[in-house]
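K.L.:
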Amino acid sequence: MVKFKRVRIARIIKRARVRAGLHIKDAALVLKVTRPTLDNWEAARVPPNADGISKLCVLYNLDANALLGLAHESCRTKGQQ
Numbered sequence: 005m006v007k008f009k010r011v012r013i014a015r016i017i018k019r020a021r022v023r024a025g026l027h028i029k030d031a032a033l034v035l036k037v038t039r040p041t042l043d044n045w046e047a048a049r050v051p052p053n054a055d056g057i058s059k060l061c062v063l064y065n066l067d068a069n070a071l072l073g074l075a076h077e078s079c080r081t082k083g084q085q
């Protein structure tokens, strides 16, 4: 994955967690991943796999296409106009 896309995804993931009011350890618990795994995703060291992307989108109510940069619009939560 191109680095700038990893960085963009990481920023969106972290911003969504902060907006949800979750600490990283709590979000990791809900996502059923380790805290270091979520930290790696948020720091753009490692991109989330397909299962991780699915879980992130459900937890934070994100659109997967927008998260991955496949939509022509900026990443928004589902249903946001």
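Read in order, the letters of the sequence shown are residues 5 to 85 in the numbering used here. The beta carbon of each residue, even a glycine, is placed where N, CA and C say it ideally should be.
#1: Using DSSP with H/G/I as helix, E/B as strand and the rest coil, what is Leu71?
#2: What is the DSSP secondary structure of Lys26, reduced to helix, strand or coil?
#3: Do Ala32 and Arg39 have their C-beta atoms within less than 7 Å of each other?
#4: Looking at Val50 and Asn44, is the spacing between their C-beta atoms short of 7 Å?
#5: Since Val37 is in the alpha helix (DSSP H), which residue starts that stretch and which ends it?
#6: If I'm right that Gly73 touches Arg23 with Cβ under 8 Å, what's the distance once you round it to whole angstroms?
#7: With the cut-off set at 7 Å, would you say Leu63 and Val34 are in Cβ contact?
P.N.:
Once the coordinates are examined:
#1: Locating residue 71 in the sequence shown gives position 67, where the first residue counts as 1. Here Leu71 sits in helix by DSSP.
#2: Position 22 of the sequence shown, counted from the start, is the residue given in the question as residue 26. The sequence given here has Leu at residue 26, not Lys. The answer is coil: DSSP assigns Leu26 none of H, G, I, E or B.
#3: The residue given as residue 32 occupies position 28 in the sequence shown. The residue given as residue 39 occupies position 35 in the sequence shown. Cβ atoms of Ala32 and Arg39: closer than 7 Å.
#4: Against the sequence shown, residue 44 aligns to sequence position 40. Against the sequence shown, residue 50 aligns to sequence position 46. Taking 7 Å as the cut-off, the Cβ atoms of Asn44 and Val50 count as close.
#5: The residue labelled residue 37 in the question sits at position 33 within the sequence shown. First-last for Val37: undefined, no H or E at that position.
#6: Position 69 of the sequence shown, counting from 1, holds the residue named residue 73. Position 19 of the sequence shown, counting from 1, holds the residue named residue 23. Going by Cβ atoms, the distance from Gly73 to Arg23 rounds to 19 Å, so no, they are not a contact pair.
#7: As a first step, residue 63 is located in the sequence shown; it is residue number 59 there, counting from the start. As a first step, residue 34 is located in the sequence shown; it is residue number 30 there, counting from the start. Yes, the pair counts as a contact, with Cβ atoms nearer than the cut-off.
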